Structure formats: structure tokens, C-alpha cells
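Residues 239 to 619 in the numbering used here are what the sequence shown spells out, letter by letter.
All C-beta atoms in this analysis are idealised placements derived from N, C-alpha and C, irrespective of residue type, glycine included.
What you are looking at is a predicted structure, and each value in this text was computed from that prediction instead of being measured.
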Amino acid sequence: MNAPFAFKKVDAAPVIRVPYVDFAAQYAEERADIHACVDRVFAKGDFVAGAAVAELEAALATKCGVKHAVALASGTDALILALKVLGIGSGDEVITAPNSFVASASCIALVGATPVFVDVAADQNIDPAKIEAAITARTKAILPVHLTGRIAEMDAINAIAAKHGLAVVEDSAQAIGSTYRGKASGALGTVGCFSTHPLKNLGGAGDGGFLTTNDGALAERIKRLRTHGMIDRNTVAEWGVVSRMDTLQAAILNMRLAKLDMLTARRRANAAQYRALLDARHVFVPPERTYATDTYHTFVVQVDRRDELRAYLLERGIETFIHYPIPIHLQPAAKGLGYGLGSFPVAEQQSARILTLPVNQYLSSEQIELVATTVNQFFRA
Ligand SMILES: Cc1ncc(COP(=O)(O)O)c(C=O)c1O
């Protein structure tokens, strides 16, 4: 006999009233411009190393206030190639933060070196006061991450690097256009590494990235390495990879770079509205600094009862994320590094308290107000 037919209860998904990202709105706004980019590249057929790539590199160098920008296939490749040209490899150590996207540490391991983590401060960026204790005879570089679009304390980091003869590789993946004491992200260390993943403030229609530097020889070597180590069509100077940015991506990024300041202003306005409305007794947001401009790739708050709040917001149609719920030193891939629970108490505590609220440029002030009042309501209830 057949089992009786049972209806399964399916909970209706909440209607999203405040989306975390809005690619549909972006496409509606840019449709004609995107089609023009596709048209230009296809008509010319310069899909690889086309004119738009060189144009983008010049514009990015100007934007970041450096002599050279080199377009690549991803931010991950920018980090790997930066470490490689700095001569970092087997037996070397590179100091970084444990609370970043995994690429900040995996790239160090992928060139054969060892990631050495240093705990973060209240603002989620590497704590300069804890860096010197982690320096050994094997340390070759410091790789600060400008998490959320907030530049790490570069004066202190550069002073430590200079004292110990270390390179500084900025992980600027989340920080295009951010500034610190009058300088842009990517111009504050030896090399800056950026991502143009679609979710980034300057994002393409697929993976992409670039690297910035004032060192001409370093830039030339990266250009060589991104095309099989070739110096011309028939001469391979050293073993390289294929890590070129597609011309189509470059064309789209050129179009979007021209609008980046406006987009950043919208995100900053959203962040300012959150700061004004969120109840500081329950919600910690790292205060802005007079000498820096944050670009809010993400707007991360620190709260108690984070998971409960996240569910409460979703029930009311507000999408949030957690960047990142598991610190890198506690990932299975990091097992061999010898860290464990308790190794980095600040990063670990934050990982249970951080919540990323929507801050994208398409949100109205009514939507931001709805998010802030719903958060406040949760803590009042
Ligand atoms: C801090 C950080 N570093 C590195 C990367 C790697 O960039 P990509 O995804 O372009 O390889 C990302 C991108 O998500 C990032 O957020």
C-alpha cells in the first residue's frame, strides 16, 4: 500500500525590501553603456591586451596616485605575483591579519611562504602594536588588509617595515579610492593589490584585478609574468602564467571608473546615515578618522546576539552577510600553521559579533532608515 500523501510545509521566503546588492538596478542604469563596450570590443576583436586595458591602467595609476598600474585576471593573482616579484617564497614569512577574505593568506602559502597572523584592533584592521612581536629572521613582508574599505594604520606599519627592512604589500582589494593622510590606497606600500570582482566598488562583469606600484622594474616584471614571462612574441625570459585582464572587462571598468567617485559618495552618505541612526548603546561601528576617507566596500557593525539579529532582519526583508564568519587561522586549510581557538582573541570575538548591513549605491534613504530602525527595534524589544 502506498504511504499516505503528506503535504510538506514550505516556509515562504521573505520579500526582500532591502537587497544587499542590486545588479538589476545597475544593469538598468548602465544598459546602453555596457552594450557600447561590448560593441566596441567585438567590432575591433582586440579581446586580449586590447586598447581598453592600457587606457584603464593609465586611469588607475592616476586614480591611485602611483606611477604604474598593471591589469590582471584577479586580485588573487595580483597578490601572488606581487609576492613572487618581491622574491618571497619557501622559508619566508609574511605577516597578515587572520580576519580577511582567505586570499590574503592563501596567496602567501601559494608562493611557498608561511602566513604569520597578527590579531586585529577594534576597527578590524591589523593591530600595529602587535606586529613587532611576530617578526622573526624569516619575515620578508607585512601584508596589511584594508578591510571594508578602511585603510589600516599605515604610518605605524610602514615605520615597523622600515625599521626591519620589510616590504609592504597592501591588500587593497576592498579599498579602491580610500585615502590615508592624503594618499590613496595602493600608494601607501611597496605594492598595492586590488580586485575588480563584480561585488567590489569598482567591479567588472567577471573576475579581474590590478596591481599598483611606483617601482618601474617591478611593474615591467609583472607585465612579463602575466604573459608567460615573454618579453616579445618569441622570447620567454622566465616561466610565467596567463593572468591578463580581458579587454571586455577593461572596457566596462573604464566606463565605471569614471563614475566611481559618485558611487563612493553615495555609499559614504548611506554610511553616514547609519552612523546617525544606529543606537550606539547596542551597535558598535568603528569611528571614522579625521585623516582617512573610508569607502565602505562593506558596512560592518559589531553587535551582541548577531545571529538572532540577522534572522530578525531577514524576516523583515533586510538582507545581510557576515564578512567573515570563520577566521582564516581556524579554517581546515590552515591546520598545518599551528594556530587554534584562542590564538587571536580579538578577531575570534569579532567573528561572532560582525554583521554586514546593505550599503550599496542604489539604496534610498528610506531603506537605510528602515534597516537602522529595525536594528534598533530588535535591541529595544
Ligand atoms: C581582502 C581581499 N583580498 C583579496 C581578494 C581576492 O580578489 P579576487 O576575488 O579578485 O581574486 C579579495 C576578494 O574578494 C578580498 O576581499
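Inset, instruction - Consider the C-beta atom of serine 342 and the heavy atoms of ligand 1; say whether any pair is separated by less than 7 Å. - result: Because some heavy atom of ligand 1 lies under 7 Å away, the Cβ of serine 342 counts as near it: yes.
Legend entry - Residue burial classification, asparagine 337 (beta-carbon count within 10 angstroms, cutoff 16): Its Cβ being crowded by 16 or more others within 10 Å, asparagine 337 is buried.
Legend entry - 3 or more residues per run - each beta strand (DSSP E) lying fully within the stretch 340-401: Qualifying beta strand (DSSP E) stretches, in chain order: 352-355 and 377-381.
Legend entry - Cβ-heavy atom distance, serine 603 to ligand 1, below 7 Å: Shortest gap from the CB of serine 603 to any heavy atom of ligand 1: 7 Å or more.
Inset, instruction - Evaluate the contact criterion for the stretch 396-406 versus the stretch 363-380: three or more CB pairs, one atom per stretch, below 8 Å. - result: The stretch 396-406 and the stretch 363-380 touch, with no fewer than 3 CB-CB distances between them shorter than 8 Å.
Inset, instruction - With a 10 Å radius around its C-beta and 16 neighbouring C-beta atoms as the bar for buried, classify lysine 620 as buried or exposed. - result: Nothing about residue 620 can be reported from this structure: the residues present for the chain run from 239 to 619 only.
Inset, instruction - Sort out for me which residues DSSP pairs glutamine 540 with in a bridge. - result: Residue pairing by DSSP places glutamine 540 opposite Phe522 and Ile592 in a beta bridge.
Inset, instruction - For threonine 536, collect the residues of the same chain with a Cβ closer than 6 Å to its Cβ; drop the 5 residues on either side in sequence, then sort them by chain order. - result: Thr386, His561 and Thr594, listed in sequence order.
Inset, instruction - Count the CB pairs spanning the stretch 343-359 and the stretch 320-330 that are closer than 8 Å, and state whether there are at least three. - result: Under the three-pair Cβ rule at 8 Å, the stretch 343-359 counts as touching the stretch 320-330.
Legend entry - Stretch pair the stretch 281-288 + the stretch 470-490: three plus CB contacts closer than 8 Å: Touching, per the Cβ criterion.
Legend entry - Alpha carbon of asparagine 240 to alpha carbon of alanine 250, nearest angstrom: For asparagine 240, the pLDDT reaches just 49, beneath the cut-off of 50, and the residue's location in the model is therefore unreliable, although a value from the coordinates is still provided. Between asparagine 240 and alanine 250, the C-alpha separation is close to 29 Å.
Inset, instruction - Can you tell me the Cβ-Cβ gap for leucine 498 and leucine 440, rounded? I've got them flagged as a contact below 8 Å. - result: Taking C-beta atoms under 8 Å as the contact rule, leucine 498 and leucine 440 qualify, at a distance of about 5 Å.
Inset, instruction - Return yes when at least one heavy atom of ligand 1 lies under 7 Å from the C-beta of glutamine 569, else no. - result: No, Cβ of glutamine 569 sits at least 7 Å from all heavy atoms of ligand 1.
Legend entry - Alpha carbon of phenylalanine 280 to alpha carbon of methionine 468, nearest angstrom: Using only the alpha carbons, I get a separation of about 26 Å.
Legend entry - Nearest-angstrom Cβ-Cβ length linking histidine 431 and serine 410, presumed shorter than 8 Å: Inspection of the sequence shows that residue 431 is occupied by cysteine rather than by histidine. Contact flag correct, Cβ pair sits at about 6 Å.
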